[in-house]
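J.: From first to last, the protein sequence lines are chains A and B. So my numbering is basically just the index in the first sequence, starting at one, shifted up by 3. So my numbering is basically just the index in the second sequence, starting at one, shifted up by 3.
Number of protein chains: 2
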Amino acid sequence: MATTDERRRLRVRPDRLLARLRELGSVGAIPGGGCSRLALSDDDRAGRDLVVTWMRDLGLDVTVDAVGNVFAVRTGREGGPPVMCGSHIDTVATGGIYDGNFGVLSGLEVMEVLAEAGVVTRRPLAVAFFTDEEGARFAPDMLGSLVYVGGMALEAAHDIVGIDGGRLGTELDRIGYLGSVPCPGLPPAAYVELHIEQGPVLEAAGGGIGAVTGVQGISWQEVTVVGQPNHAGTTPLSYRHDAGYVAAATTVFARELARELGGDQVATVGRLSLHPDLVNVVPGRAVFTVDLRNTDEAVLQQAEARLADELDRLARAEGVTVERRTLARFEPVEFDPHVVDLVERTAASLGNRVRRLPSGAGHDAQMLARVCPAGMIFVPSAGGISHNPAEHTDPEDLAAGADVLLQVLLALADGDDPPGADRSRDGAGPAAEERR
Amino acid sequence: MATTDERRRLRVRPDRLLARLRELGSVGAIPGGGCSRLALSDDDRAGRDLVVTWMRDLGLDVTVDAVGNVFAVRTGREGGPPVMCGSHIDTVATGGIYDGNFGVLSGLEVMEVLAEAGVVTRRPLAVAFFTDEEGARFAPDMLGSLVYVGGMALEAAHDIVGIDGGRLGTELDRIGYLGSVPCPGLPPAAYVELHIEQGPVLEAAGGGIGAVTGVQGISWQEVTVVGQPNHAGTTPLSYRHDAGYVAAATTVFARELARELGGDQVATVGRLSLHPDLVNVVPGRAVFTVDLRNTDEAVLQQAEARLADELDRLARAEGVTVERRTLARFEPVEFDPHVVDLVERTAASLGNRVRRLPSGAGHDAQMLARVCPAGMIFVPSAGGISHNPAEHTDPEDLAAGADVLLQVLLALADGDDPPGADRSRDGAGPAAEERR
């Protein structure tokens, strides 16, 4: 068995990690070097099958829960809940090969390094990938981890209908990932997620490792505007009830609102469709989404309220009706301070430049933070580009991040007490009710 | 043979006209009382077959030209070009049953009334329906009449690809309407089109008949904005190249521009699509259309120029590229003053309230006006609603309009000289080149 010193000198093998990233990226590959594996699609099944094969080849104990989350456990000297790492392997329709996949495959690389070194940790270790993190097919995003921590009832999750009309429970069954392990699952001892930043902050700061302090709150809504379709040539402006105009004016307002609120407030209209969508017909109906995010819950609520006010004002002025539907709503999350410290110290001790920063994107770690000490490790994204085939992180950054994950997992699995152990005794469990 | 007095007392049979309107409206019927017969679709073929059957039942000589325009000729005492009426029977995807169809079926009703009364006019009469007037499947609109008057080469028209990828020439052949009569066609002696107003002006003026003075100029363009798809949570506003935002800001600007230019200037963004069209991805590409119309060519050009300037400004500010493509461009048209006078006098002599007005919509008559004396007769549209299943005109207004058509056709077909005969001698023919 390796000494503590020997353990501290353990490093991942970047070539092996990169080879797995490329092989998984070739499943559902799309032009430009990206991939498309929408949750529970045939391509997602193929990706899952590949990762599960790797898990089994590493001698890990693989289980699947009732919402399709997959766990691969490595036995420790003691029993009890494992120290878990992981992420997701589903992608957006035009995604890159790193988002999510990097965290899962780095976890497997860590397991392989430990096996080669003959290391057995005190607590068990686990690598997980969670279902439908992207929310690109089934809303809300981070669905699998939300159900895992008890934030949504399993039956409600199974009944979610995707953008293509598919039912989540039926699709899970169809692709063979409707597992038998019940949800919500047992809380792990701790959870650490390694992920690409997906933003430009680390790169702009000269690179290095990010010790993630928390996650922005997220508000997703779908807005349906109903006006009156009419002839584009014969209908004077004052007679119009133009649903498309209201959608456009709201899009412009959302940008102005985010600028005015400042800080890290962002606002995005990512989806928009008009009906009947003809060049010479005033749009009678418009459906669009608004994505609002902020680390400050109070400001996020202010953004939501002002957007709602503006929609009401526009609806009255244009003579249209407006309906809003919440697709997802998560409050900002703060990660466990001990885990954040551990990530920061470990990254620095390995010679990395380190920066604390919040995450602009939602991650499974924010769900796990409800039931155990949790944190995240970020590596830079070239140009801040993500959700795009051009998504890229340099191999040396990938290796540096995976080494930090390896050492953080060892510290958590071998320590006397998992960090934030207080929290696990104070009865804080899954949120009583998911705010939707 | 009827005397001049007897001819002046001839009236259409509203029940017969309404029955044909309803029967044709049942082809491609959609919920809400409308119909959907996109040009050269299976439903369009079914509608064409029905109208051609009616034409043959009335003993008319039916011919089809090489762009699918259909002509039904009634012999006169003399030879030479016919006095023509007509319109179109294609519809937008969510259209009403009156737009276009009313003019064609009123023409058939006039033929039936004349046959019953044993009237033979001096010049031949013709009822026409022109291909793809709406432009909802194949751009530009008024395509069939444009090709008929020599404004577009037949081969170019055949090669137009529709919104569903279908090629116009192939689709004509598929539905059996690739006729043998060459294009451009022989100019008629005169052309009169009866049509619903599709706008609110006549109704707001207390109803009656519209003597149409001309048609607004039309500018259709398709704008493609290319930015960068990126993560909606992690990309600060200042790093964004949001194609959807530029599309939205242009939509809002178009409305403001039309308000500022005033008069009868209108601007409509009717079609808009985002890519990848996901809630949490900043749109990397947006494609949308802008429809600008004005009776004043100089102001229309000003609107086009200012829109182009604003697009350039937005593109620079957002760091995106913009491409503009003209889908259709027609200058304003003034109808033949003698025909406008004849419509006005005839409508008044039949006891109608009459109002002169320009058309906000494009019509086949504006194409025919390039090669012969042409004019239009409008009847009111309830609520100004058109291109909508709720499109409606009261039966008495339909009958009044058809009676005006009947008497105007008789006057033109029996007169010593067709009005505007000067023009037919001054060599004015099809426009030398279509401005696209």
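We put the beta carbon where it would ideally sit given N, CA and C, even for glycine. Every value quoted in this text rests on a predicted model; they were computed, and no experiment measured them.
#1: Could you tell me which chain A residues have their CB closer than 8 Å to the CB of B/ASP144, listed as they occur along the chain?
#2: Between the stretch 88 to 98 of chain B and the stretch 61 to 69 of chain B, do at least 3 Cβ pairs fall closer than 8 Å?
#3: Within 10 angstroms of the Cβ of A/GLY82, are there 16 or more other Cβ atoms? Answer buried if so, exposed if not.
#4: What does the Cβ neighbour count give for B/GLU200, buried or exposed, with the cut at 16 atoms within 10 Å?
#5: So A/TYR194 is in the beta strand (DSSP E); what residue range does that whole segment cover?
#6: Mind checking whether B/PRO361 and B/THR298 have CB atoms under 7 Å apart?
#7: Does DSSP put A/HIS161 in a helix, in a strand, or in coil?
#8: So that I know if they touch, is there some Cβ in chain B lying closer than 7 Å to that of A/GLY202?
#9: Quick one: residues in its chain with C-beta nearer than 7 Å to the C-beta of A/ASP245, no 5 flanking neighbours on either side, listed in chain order?
#10: Tell me whether B/LEU20 sits in a helix, a strand or coil according to DSSP, three-state version.
#11: To be precise: take each residue of the stretch 386 to 408 of chain A, compare its Cβ to all Cβ atoms of chain B, and keep it if any distance is under 7 Å. Which residues remain?
#12: If you follow the beta strand (DSSP E) that A/GLN224 is in, where does it begin and where does it stop?
#13: For A/LEU353, report the span of its beta strand (DSSP E) as first-last.
#14: Within its chain, find whatever has a CB closer than 8 Å to the CB of A/CYS88; leave out the 5 residues flanking it on each side and keep chain order.
#15: Ignore the nearest five residues each way along the sequence and tell me which others in A/ARG258's own chain have a CB closer than 7 Å to its CB.
#16: In chain A, which residues lie with their C-beta within 7 Å of the C-beta of B/ARG274?
#17: In chain order, what residues of the same chain lie with their CB nearer than 8 Å to the CB of B/LEU21, ignoring the 5 residues before and after it?
#18: Can you tell me which of the three DSSP states B/VAL255 falls into?
#19: Is it true that the stretch 339 to 348 of chain A meets the stretch 371 to 378 of chain A, where meeting means three or more beta-carbon pairs spaced less than 8 Å apart?
#20: For B/GLU307, collect the residues of the same chain with a Cβ closer than 7 Å to its Cβ; drop the 5 residues on either side in sequence, then sort them by chain order.
#21: Would you list, in sequence order, the uninterrupted alpha helix (DSSP H) runs of no fewer than 4 residues that lie entirely inside the stretch 91 to 122 of chain A?
#22: Could you name the residues of chain B that A/GLN3 contacts, counting a contact when the two beta carbons are closer than 8 Å?
#23: I'd like the span of the alpha helix (DSSP H) that includes A/GLY62, first residue to last.
#24: Determine the contact status of B/PHE333 and B/GLY220, defining contact as a CB-CB distance below 7 Å.
#25: By the three-class DSSP mapping on this structure, what secondary structure does A/HIS3 have?
#26: Ends of the beta strand (DSSP E) at A/SER276?
#27: Would B/THR94 pass as an interface residue toward chain A - the criterion being a Cβ-Cβ separation below 7 Å?
#28: What residues from chain A crowd round B/ASN297, counting only those whose CB sits closer than 9 Å?
#29: I'd like to know if A/PRO34 contacts chain B, where contact means its C-beta is closer than 7 Å to some C-beta of that chain.
#30: Could you work out which residues of chain A lie near B/VAL411, taking near to mean beta carbons separated by less than 8 Å?
#31: If you check the beta carbons only, do B/GLY418 and A/LEU281 fall under 7 Å apart?
#32: Please classify A/SER90 as buried or exposed, where buried requires at least 16 other C-beta atoms within 10 Å of its C-beta.
#33: Using a Cβ cut-off of 8 Å, pull out every chain A residue sitting near B/TYR248, in sequence order please.
#34: Return the CA-CA distance between A/PRO84 and A/PRO191, expressed in angstroms with no decimal places.
#35: Helix, strand or coil for A/ALA424? Go by DSSP, reduced to three states.
#36: Within the same chain, show all residues whose beta-carbon is closer than 6 Å to that of B/GLU337, passing over the 5 residues directly before and after it, in chain order.
T.: A quick look at the data gives this:
#1: ASN283
#2: Contact fails: fewer than three Cβ-Cβ distances are below 8 Å.
#3: exposed
#4: buried
#5: 193 to 199
#6: Yes; because the gap between Cβ atoms is below 7 Å, this pair is in contact.
#7: helix
#8: With 7 Å as the cut-off, A/GLY202 counts as an interface residue toward chain B.
#9: GLY230, VAL285, PRO286 and GLU321
#10: In the three-state reduction of the DSSP assignment, B/LEU20 falls in the helix class.
#11: GLY387, ILE388, SER389, HIS390 and ASN391
#12: 220 to 229
#13: From DSSP, A/LEU353 is part of no beta strand (DSSP E); its letter is neither H nor E.
#14: GLY106, SER109, GLY110, VAL113, LEU128, ALA129, VAL130, ALA131, TYR194, VAL195, GLU196, LEU197, LEU408 and LEU412
#15: ALA270
#16: LEU277, ASP280, LEU281 and VAL282
#17: Taken in chain order, the residues that qualify are PRO398 and LEU401.
#18: B/VAL255: helix per DSSP, three-state reduction.
#19: yes
#20: SER222 and LEU295
#21: 104 to 120
#22: The displayed coordinates of chain A run from 4 to 439. Any statement about residue 3 of chain A would go beyond what the structure contains.
#23: Note, A/GLY62: premise wrong, no alpha helix (DSSP H); not H, not E.
#24: yes
#25: Nothing can be reported for residue 3 of chain A: it is not among the residues displayed for chain A, which extend from 4 to 439.
#26: In the DSSP annotation of this structure, the continuous segment of the beta strand (DSSP E) that includes A/SER276 starts and ends at 275 to 278.
#27: no
#28: Those do not exist, as B/ASN297 stays about 10 Å from chain A at its closest Cβ, beyond 9 Å.
#29: no
#30: Chain A residues near B/VAL411: none, gap ~22 Å exceeds 8 Å.
#31: no
#32: It is buried - the Cβ of A/SER90 has at least 16 other Cβ atoms within 10 Å.
#33: THR254, VAL255, ARG258 and VAL272
#34: 5 Å
#35: In this predicted model, A/ALA424 has a pLDDT of only 46, less than 50, meaning its place in the structure is not dependable enough to derive any value.
#36: GLY217
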